[in-house]
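Visitor: Protein sequences, first through last, are from chains A and B. Residue numbering for the first sequence is 1 to 236, as defined by this note's numbering. Residue numbering for the second sequence is 1 to 236, as defined by this note's numbering.
Protein chains: 2
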Amino acid sequence: MAKYQKIYHELSTRIKNGEIRSHTYLPSENELMKQYGVSRDTVRKALDLLLNYGYIQKNKGKGSLVLDLNRISFPISGITSFSEMVKTMHGEIKTIVHVFYEQEADEELKQQLHMEKGKVYHIERIRSIDDEKVILDIDYLNGEVIKGLTLEHAQNSLYKYIENELGLKISFARKEITVEKASKEEMELLDMAGYDLLVCVKSYTYLEDATLFQYTISKHRPDKFRFVDFARRMEL
Amino acid sequence: MAKYQKIYHELSTRIKNGEIRSHTYLPSENELMKQYGVSRDTVRKALDLLLNYGYIQKNKGKGSLVLDLNRISFPISGITSFSEMVKTMHGEIKTIVHVFYEQEADEELKQQLHMEKGKVYHIERIRSIDDEKVILDIDYLNGEVIKGLTLEHAQNSLYKYIENELGLKISFARKEITVEKASKEEMELLDMAGYDLLVCVKSYTYLEDATLFQYTISKHRPDKFRFVDFARRMEL
DNA sequence: GAGTGGTCTAGACCACCGC
DNA sequence: CGGTGGTCTAGACCACTCA
Numbered sequence: 001m002a003k004y005q006k007i008y009h010e011l012s013t014r015i016k017n018g019e020i021r022s023h024t025y026l027p028s029e030n031e032l033m034k035q036y037g038v039s040r041d042t043v044r045k046a047l048d049l050l051l052n053y054g055y056i057q058k059n060k061g062k063g064s065l066v067l068d069l070n071r072i073s074f075p076i077s078g079i080t081s082f083s084e085m086v087k088t089m090h091g092e093i094k095t096i097v098h099v100f101y102e103q104e105a106d107e108e109l110k111q112q113l114h115m116e117k118g119k120v121y122h123i124e125r126i127r128s129i130d131d132e133k134v135i136l137d138i139d140y141l142n143g144e145v146i147k148g149l150t151l152e153h154a155q156n157s158l159y160k161y162i163e164n165e166l167g168l169k170i171s172f173a174r175k176e177i178t179v180e181k182a183s184k185e186e187m188e189l190l191d192m193a194g195y196d197l198l199v200c201v202k203s204y205t206y207l208e209d210a211t212l213f214q215y216t217i218s219k220h221r222p223d224k225f226r227f228v229d230f231a232r233r234m235e236l
Numbered sequence: 001m002a003k004y005q006k007i008y009h010e011l012s013t014r015i016k017n018g019e020i021r022s023h024t025y026l027p028s029e030n031e032l033m034k035q036y037g038v039s040r041d042t043v044r045k046a047l048d049l050l051l052n053y054g055y056i057q058k059n060k061g062k063g064s065l066v067l068d069l070n071r072i073s074f075p076i077s078g079i080t081s082f083s084e085m086v087k088t089m090h091g092e093i094k095t096i097v098h099v100f101y102e103q104e105a106d107e108e109l110k111q112q113l114h115m116e117k118g119k120v121y122h123i124e125r126i127r128s129i130d131d132e133k134v135i136l137d138i139d140y141l142n143g144e145v146i147k148g149l150t151l152e153h154a155q156n157s158l159y160k161y162i163e164n165e166l167g168l169k170i171s172f173a174r175k176e177i178t179v180e181k182a183s184k185e186e187m188e189l190l191d192m193a194g195y196d197l198l199v200c201v202k203s204y205t206y207l208e209d210a211t212l213f214q215y216t217i218s219k220h221r222p223d224k225f226r227f228v229d230f231a232r233r234m235e236l
């Protein structure tokens, strides 16, 4: 790990622990240079990470103010996958793999996954929290990029397989959140508790070399959906 | 404006225009140094902005790949306010100021706005698109920070007043998206078209010096809600 | 091996803040 | 005024990609 990442890591965990308290100022960049024995640019890169992830706010002439993380609970960034989401939740989680097969990409999938031809994995999983079936995840994965997927992997975590076993790096995602009427099938698959709408999170996930490898639609029962975001004001 | 911001601005607009096409590589950092007559660090800062806002993807040993912006439509970042949202929409927009008064902060508001005592503006606005009342915005503003608000300002844009007339700078926001049952009052205020749920976007907005000045609940009719996000994978 | 981006350094000047 | 963060420079070494 690079120096500036180590410094970011140390400072962020100390802020999370409460060892560095919110509403106080971090040591100045000059001071941090001395403490860590690095150049100012290295310190600044670490602070840039803290800034981007909402840990601090920098003020000219004053210093780096530590923000109050508990005002809205973590995580700062949006949901990336079910397994990341459940970390922040309580309750017993189960996954039922409802659909799992490999198919030739049809016209719509070719367009969604931006591929010419080839195989696509189609996976549907029902997620239950405390024995209530409240989330339906529908995944389409480019079979030319992700190879050797099994039902086992779908039962556990797709991301773990992709990152750890295939050694691919997930880089970025584009997400869209809308609310849609549940279909009859969906009403039967999930425990709808009287609701007839589902919150749909559509996401397109890309690898480090910018190849799109996954298109996911994650449908949540409205009362079990929550999305938290931290955003700095767009410049320009 | 700083040099690196100018370079960012030029490159980003050229990407948006299509003058620089997606799926091509930008000139190398070395090349950009020469073209703009700046140091490598300055070029890199400009590229960092492009990276953060989802314009490019950098690959070691290869270069900076221009991403396809139209895959999911803009804006890249989330909603910050109604007036920013409508820029990306079609249809005729109207605002009705439904509630506007100044009140002494009660216990709940003191906690939400993180203030000891003082006045709070309470504003409720109904937003209509093509004469359908589909959004209810409820704003609470710290009256000790934001002074001299009038009904006029509420009718137009609060942010314009705060940034242009008061000269304050809005810095960052924390947002939470959930779905809740509409109350009887809300059902009457809005054209619900048979829906009984509302998508609630709660946001806490901060100034540059990290003072919280606004707490907003924006309630959207489910079919009129859409949120787009671009996220890089969290490191560490 | 030449070119790319990733990291790190040392030094400089500026605008802003608070005393 | 001294200290803070914001910007910019010039130079260095590394790991990676591609021919």
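The beta carbon of each residue, even a glycine, is placed where N, CA and C say it ideally should be. These figures come from a predicted structure and were not determined experimentally.
So what does B:Gly63 bridge to, in DSSP terms?
Guide: According to DSSP, B:Gly63 bridges with B:Asn59.
Visitor: Determine the DSSP secondary structure at B:Ile72, reduced to helix, strand or coil.
Guide: Note that B:Ile72 scores 44 on pLDDT, short of 50, meaning its location in the model is unreliable; the coordinates nonetheless yield the value given after this. B:Ile72: coil per DSSP, three-state reduction.
Visitor: According to the neighbour-count rule (16 or more other Cβ atoms, all chains shown, within 10 Å of its Cβ), is A:Thr150 buried or exposed?
Guide: Looking at its Cβ environment, which holds fewer than 16 other Cβ atoms inside 10 Å, A:Thr150 is exposed.
Visitor: With a cut-off of 8 Å, does the C-beta of B:Ile177 fall near any C-beta of chain A?
Guide: So yes, B:Ile177 belongs to the interface.
Visitor: By DSSP's criteria, A:His122 is part of a beta bridge. Which residues make up the other side?
Guide: A:Tyr101 and A:Tyr140.
Visitor: Among the candidates B:Met187, B:Ala2, B:Tyr140 and B:Glu163, whose CA atom is the shortest distance from the CA of B:Glu104?
Guide: The residue with the shortest Cα to Cα distance from B:Glu104 is B:Tyr140.
Visitor: Please report the distance separating the alpha-carbon of A:Lys34 from that of A:Ile15.
Guide: Near 20 Å, if we compare the C-alpha coordinates of A:Ile15 and A:Lys34.
Visitor: Taking just the CA atoms, how far does A:Leu11 sit from B:Ile138?
Guide: If you take the alpha carbons of B:Ile138 and A:Leu11, they lie about 37 Å apart.
Visitor: Along the segment 92-121 of chain B, what residues have a CB closer than 7 Å to any CB found in chain A?
Guide: Listed by position along the chain: nothing, the set is empty.
Visitor: Please decide whether A:Ala154 counts as near chain B, where near means a Cβ-Cβ distance under 8 Å.
Guide: No - not a single Cβ of chain B is within 8 Å of the one on A:Ala154.
Visitor: Which chain A residues sit within Cβ distance under 9 Å of B:Pro27?
Guide: What B:Pro27 touches in chain A: nothing, since even the nearest Cβ is about 18 Å away.
Visitor: Tell me the residue span of the alpha helix (DSSP H) that contains A:Val237.
Guide: Look at the range of chain A in this structure, 1 to 236, and you will see that residue 237 of chain A is not part of it.
Visitor: Is B:Arg14 helix, strand or coil when you go by DSSP?
Guide: B:Arg14 falls in the helix class under three-state DSSP.
Visitor: What's the C-alpha gap between A:Leu113 and A:Glu102?
Guide: So the two alpha carbons sit approximately 15 Å from each other.
Visitor: Give a yes or no on whether the C-beta atoms belonging to B:Leu168 and B:Glu186 are separated by under 8 Å.
Guide: Cβ atoms of B:Leu168 and B:Glu186: not closer than 8 Å.
Visitor: What residue range does the beta strand (DSSP E) around B:Leu212 cover?
Guide: Run containing B:Leu212: Leu212 to His220, per the beta strand (DSSP E) assignment.
Visitor: When the Cα atoms are used, what is the spatial distance from A:Ile177 to A:Cys200?
Guide: Each residue's Cα considered, the two are about 6 Å apart.
Visitor: Of all the residues that make up the segment 188-204 of chain A, which are near chain B by a beta-carbon distance shorter than 7 Å?
Guide: Listed by position along the chain: Leu197, Val199 and Tyr204.
Visitor: If we cut at 8 Å on Cβ distances, does A:Ala46 have a partner in chain B?
Guide: No, because no Cβ of chain B sits closer than 8 Å to the Cβ of A:Ala46.
Visitor: Shorter than 8 Å from the beta carbon of A:Val228 to some beta carbon of chain B?
Guide: By this cut-off, A:Val228 is an interface position.
Visitor: List, in chain order, every chain B residue whose beta-carbon is nearer than 9 Å to that of A:Gln57.
Guide: The answer, in chain order, is Ser171, Phe172, Tyr206, Glu208, Asp209 and Ala210.
Visitor: If you drop the 5 nearest sequence neighbours on each side, which residues of the same chain put their C-beta closer than 6 Å to that of A:Ile76?
Guide: Residue placement at A:Ile76 is flagged as unreliable, the pLDDT there being 43, under the threshold of 50; the coordinate-derived value follows with that caveat. Cβ neighbours of A:Ile76 beyond the five flanking positions: Tyr53, Gly54 and Phe230.
Visitor: One question on the structure: do A:Gly118 and A:Gly143 come within less than 8 Å of each other, judged by their Cβ atoms?
Guide: Yes. Within cutoff.
Visitor: Hey, A:Ile56 and A:Leu69 are a contact pair by Cβ (cut 8 Å); roughly how many whole angstroms apart?
Guide: That pair is no contact at about 11 Å.
Visitor: Would you please state the rounded distance, in angstroms, between the beta carbons of B:Leu189 and B:Leu136? I believe it to be under 8 Å.
Guide: Indeed, because the Cβ distance is near 6 Å, the residues count as touching under 8 Å.
Visitor: Taking all protein chains shown into account, decide if B:Tyr159 is buried (16 or more other Cβ within 10 angstroms of its Cβ) or exposed.
Guide: Flag for B:Tyr159 reads buried.
Visitor: Output the distance between the C-alpha atoms of B:Ala2 and B:Thr211, rounded to the nearest integer angstrom.
Guide: So the two alpha carbons sit approximately 26 Å from each other.
Visitor: Kindly identify the DSSP beta-bridge partner or partners of A:Val179.
Guide: Note: A:Val179 sits in a beta bridge opposite A:Val199.
Visitor: Rounding to the nearest angstrom, what Cα-Cα distance links A:Ser73 and A:Lys58 in this structure?
Guide: Annotation note: pLDDT 44 at A:Ser73 (below 50); position unreliable, coordinate value reported separately. Straight-line Cα distance between these residues: approximately 22 Å.
Visitor: Applying the 10 Å Cβ sphere with the 16-neighbour rule, what's the burial state of A:Ile123?
Guide: Counting Cβ neighbours within 10 Å, A:Ile123 comes out buried, since at least 16 surround it.
Visitor: Mind checking which residues open and close the beta strand (DSSP E) that includes A:Leu231?
Guide: Checking the sequence shown, residue 231 of chain A turns out to be Ala, not Leu. Where A:Ala231 is concerned, the enclosing beta strand (DSSP E) stretches over Phe227 to Arg232.
Visitor: Just the Cα atoms here: how many angstroms apart are B:Ala193 and A:Glu180?
Guide: Approximately 14 Å between the Cα atoms of the pair.
Visitor: Is A:Leu136 close to chain B? Criterion is C-beta to C-beta, closer than 8 Å.
Guide: For A:Leu136, the answer is no, since every Cβ of chain B falls outside 8 Å of its Cβ.
Visitor: Once DSSP output is grouped into helix, strand and coil, what is the label at B:Lys94?
Guide: DSSP places B:Lys94 in strand when its eight states are reduced to three.
Visitor: Which class does B:Glu132 belong to by DSSP, given the choice of helix, strand or coil?
Guide: Strand, per DSSP.
Visitor: For chain B, find out if any of its Cβ atoms is closer than 8 Å to the Cβ of A:Leu65; answer yes or no.
Guide: It does; some Cβ of chain B falls within 8 Å.
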